[in-house]
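Peer 1: Starting off with a structure, shown below.
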Amino acid sequence: MKGGYRCRLFQNIRSFRYRLTRGQGLFYLLLVISYSEVCVGQRALVTDRDWTNILSKYASKSISDTIYLKEVEALAEGSFKDPQLKTKLATYQKIAWSNKDYQTYREKYYYLLATNSFFIHQEGFSIYYLQKQEEEFKKTRPYINSLSEPRMLLAIYGSDNQSNIARRLDIFRSNLPFLQSLPDLLSKQVVPYSTCINAMAILNHAAQIYANTNNSVKVVETFNLAKAIYDEMEKGARYTKVRMQQYRLRLYMTEHAKAKVLQDTKQESNLLHAAETLVRSLQIESPSAWLTAFERGLLMKIIDFHIKQNQIDSSKYYFKVLKNQVDFYGKNEPGDGTKFLIYSSKISAKVGNYRTAYDTLLRAYRTNDSIISIKTADIHNNMYAHMVAEQRSEELIRSEIEKGNRNLVIFIVSTILIGAVASFIVQQKVRDAEMVKQIDDLNNATQIQIAELEAKANMIQKKLGMELHDEISGNLVHICNYLATELLSEKNPDKRDRLQKLSALAKKTYIDTRHKSHEWYTQGTKEELEAFSVSILKIVSHALEDNKYEKHIEIDNDSLEKLSSLNRMHLLRIIQEAVSNIIKHAKASKINLYIYEEERSLTLQITDNGRGFDKNSKANSKGVGLQSIRNRIKEMNGSLDILTSHKGTELLCIIPI
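For the sequence shown, this note's numbering begins at 1 and goes up steadily by one.
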């Protein structure tokens with residue numbers, strides 16, 4: 001029996017490792033890049049009353065703009081799991097953009113949204129907010145890349161030794177020239193703290209990948225670059241002691257990867273011990289969020305090291321420290337609190353307790369919504385109603401048989417069943433009628449919006465065409481040519497002078513006319529993009545009533561500019577079909593719609609919290625609505641990815657631009 005558990009245990013550990021480590025990577029990333037150094041364990045629980053009180057103080061002019069902004073930042077850092085955080089930051093945003101001197105608060109606004117998006121499991125949109133934050137950074141001179149986006153991308157694609165290796169290395173290599181320029185840049189000027197810590201983290205990430213693939217040459221090269229950057233930061237006392245210690249900890253981890261790939265066990269042990277000693281010192285001097293996150297990762301490396309060395313007592317000791325941390329901080333961080341379970345399984349297996357290890361790993365699967373707990377299909381409404389009716393019928397019949405009144409029971413049960421079925425049919429018809437009306441409204445709204453967009457495009461074309469139709473440009477060219485001919489044959493100096501002036505004036509008029517035509521075209525394009533965004537909002541508003549659905553819509557107009565008018569029409573139709581499916585099948589109450597540009601592609605992301613569906617079933621795969629979406633994506637040379645479970649559905653359309 002023990003052998004069976006052992007076999008299943010290690011199979012499960014291998015399949016579970018990818019999912020767990022990816023979540024850890026994201027968690028460590030987001031905490032470390034935070035601006036604040038507020039200790040997570042000491043942060044008070046934020047309530048809606050706290051938000052109401054600070055807003056009331058500001059509205060009554062009891063506090064200034066800057067005090068309000070700083071107070072709200074503190075509240076936000078305790079509310080990252082709140083789905084309504086963006087709404088609560090509305091006044092913060094308004095103030096931040098009301099004064100050019102508040103530039104740093106604009107940068108912080110997008111950081112808060114990026115962190116909030118990660119905490120509520122919208123990692124893709126957190127990338128979008130980091131891009132918006134980078135745009136704000138560019139407004140401050142001299143601009144230096146913060147490296148926040150590539151660091152987040154590396155964490156999203158995974159931090160283990162098997163997932164997305166090629167893509168993660170591509171991200172690292174695309175940023176390597178800038179990383180290689182940092183030592184020289186640091187020797188000439190102060191580089192922002194965020195850029196430095198992100199650079200050290202990216203280099204550490206790359207070193208871990210190369211170490212896991214036994215590429216010792218690349219590990220050594222990566223460590224040497226990290227060491228060169230650190231050495232330059234250490235010169236001139238330009239960074240605080242606490243920040244230099246952060247950089248030192250990151251360097252320890254990169255050097256640990258080097259010792260690991262070179263199989264220098266003694267150096268591995270020394271580096272882990274040095275990092276642990278420094279962390280303990282910092283926890284006393286300057287406890288903070290990034291330090292808590294870093295210590296968690298360090299403990300896991302120490303546990304892995306002692307397991308590898310077969311030092312079971314040391315492994316158990318450090319696992320106990322890790323477990324105490326997870327228990328203490330668990331309510332104040334993202335994730336599901338299962339990070340330590342994989343290590344519990346490893347240690348239990350190491351001491352031969354395979355049953356406990358197996359059970360612990362199963363707990364991790366259940367808690368983490370693994371494949372064991374994923375449902376294969378939802379129960380149809382009619383089947384559910386029938387099942388309930390049958391259960392009630394059986395209970396009533398059994399009860400009445402015991403009393404000797406079987407005939408009466410059959411009559412009562414039949415009556416109840418007929419009434420229940422009739423009531424269900426009536427309610428279903430009412431719901432169907434409402435759904436049909438919603439779909440009709442959606443179709444009508446979409447037709448109207450498409451007609452308006454086509455009319456606006458035609459109006460712009462006519463406006464430009466009128467100018468061309470009147471032959472202004474053609475006549476001006478003719479005049480210029482005629483004057484040039486006359487100048488060649490005219491001998492009288494006075495007449496030549498007048499002809500030259502007329503020729504110059506005609507050429508200037510021709511150039512001004514072309515500039516005006518271009519100006520109208522540019523303005524028309526801008527109006528068309530704005531009209532397209534408004535059309536999407538109208539389509540969703542017509543179909544999904546505010547009192548029934550919670551909607552979150554974000555559209556980046558700049559990303560739409562590279563999309564052709566025909567593809568924008570396709571995009572409207574895709575949104576129409578997606579919203580129609582949500583109304584007909586999802587039974588959702590929350591809908592998110594995002595349009596943004598990422599990696600030279602336009603991304604349309606639509607999510608809901610409905611009941612999901614089985615995308616592999618024949619009925620769903622051949623549905624008209626879903627097939628229509630696939631056809632339109634194919635016409636645009638794009639890709640479609642559908643993620644669905646009992647918690648909801650995500651539709652991800654990527655269109656090359």
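Just so it is clear, CB atoms sit at the ideal spot from N, CA and C, and this is done for glycine as well.
What is the rounded straight-line gap between the Cα of I699 and the Cα of L499?
Peer 2: Nothing in the structure corresponds to residue 699, since the chain is present only between 1 and 657.
Peer 1: Could you check where the beta strand (DSSP E) with K491 kicks off and where it finishes?
Peer 2: Looking at the DSSP string, K491 is not in any beta strand (DSSP E), and its letter there is neither H nor E.
Peer 1: Per DSSP, which residues does G648 bridge with? Please list them.
Peer 2: S645
Peer 1: Tell me whether Y105 is buried or exposed, calling it buried when 16 or more other Cβ atoms sit within 10 Å of its Cβ.
Peer 2: buried
Peer 1: Okay, do the segment 142-158 and the segment 601-618 touch, 3+ Cβ pairs below 8 Å being the bar?
Peer 2: no
Peer 1: What residue range does the alpha helix (DSSP H) around N664 cover?
Peer 2: In the structure displayed, the chain extends from 1 to 657; residue 664 sits before or after that span and is not available.
Peer 1: Starting from the C-beta of E255, find all residues in its chain whose C-beta is less than 7 Å away, skip the five residues before and the five after it, and write them out in chain order.
Peer 2: F223 and L271
Peer 1: Go ahead and label A543 buried or exposed: buried means 16 or more other beta carbons lie within 10 angstroms of its beta carbon, across all protein chains shown.
Peer 2: buried
Peer 1: Assuming L593 is part of the beta strand (DSSP E), what are its boundary residues?
Peer 2: K590 to E598
Peer 1: Measuring straight from C-alpha to C-alpha, what distance separates L563 and A199?
Peer 2: L563 and A199 have their C-alpha atoms some 34 Å from each other.
Peer 1: Cα separation between I642 and L626?
Peer 2: Those two C-alpha atoms are separated by around 10 Å.
Peer 1: Which residue marks the beginning of the beta strand (DSSP E) containing T607, and which one marks its end?
Peer 2: S601 to D608
Peer 1: Determine the closest residue to E561 out of T509, P656 and E577, with distance taken between C-alpha atoms.
Peer 2: Of the residues T509, P656 and E577, the one whose Cα lies closest to the Cα of E561 is P656.
Peer 1: Measuring CB to CB, does L476 end up less than 8 Å from A506?
Peer 2: Cβ atoms of L476 and A506: closer than 8 Å.
Peer 1: What's the call for E599, buried or exposed, on a 16-neighbour Cβ count within 10 Å?
Peer 2: exposed
Peer 1: Could you compute how far the alpha carbon of D304 sits from the alpha carbon of Y111?
Peer 2: 33 Å
Peer 1: Using 8 Å as the threshold, is the segment 191-211 in touch with the segment 219-234, meaning 3 or more CB pairs across them?
Peer 2: Touching, yes, given that three or more Cβ pairs across the two stretches are closer than 8 Å.
Peer 1: Whole angstroms is fine: what's the gap from S559's alpha carbon to L282's?
Peer 2: 44 Å
Peer 1: Out of curiosity, what's the CA-to-CA distance linking T649 and Q131?
Peer 2: 25 Å
Peer 1: So, helix, strand or coil for S639, using DSSP?
Peer 2: strand
Peer 1: For the segment 212-299, list the alpha helix (DSSP H) runs that are entirely contained and at least 4 residues long, ordered along the chain.
Peer 2: With a minimum length of 4 residues, the continuous alpha helix (DSSP H) runs that stay inside the segment 212-299 are 216-234, 241-261 and 265-285.
Peer 1: My output table needs one value for H478: the three-state DSSP class, helix, strand or coil.
Peer 2: H478: helix per DSSP, three-state reduction.
Peer 1: What three-state label does DSSP hand P177 in the structure shown?
Peer 2: helix
Peer 1: What are the boundary residues of the alpha helix (DSSP H) that includes T115?
Peer 2: Q103 to F119
Peer 1: Return helix, strand or coil for E545, following the three-state DSSP convention.
Peer 2: coil
Peer 1: So what does H675 bridge to, in DSSP terms?
Peer 2: Given a span of 1 to 657 for the chain in the structure shown, any question on residue 675 remains unanswerable.
Peer 1: Just to confirm, is the Cβ distance from N557 to S533 under 8 Å?
Peer 2: yes
Peer 1: P183 by DSSP, collapsed to three states: which one?
Peer 2: Reduced to three states, the DSSP call for P183 is helix.
Peer 1: Using a Cβ-Cβ cut-off of 7 Å (strictly less than) and excluding sequence neighbours within five positions of I120, which residues of its own chain qualify?
Peer 2: K81 and P83
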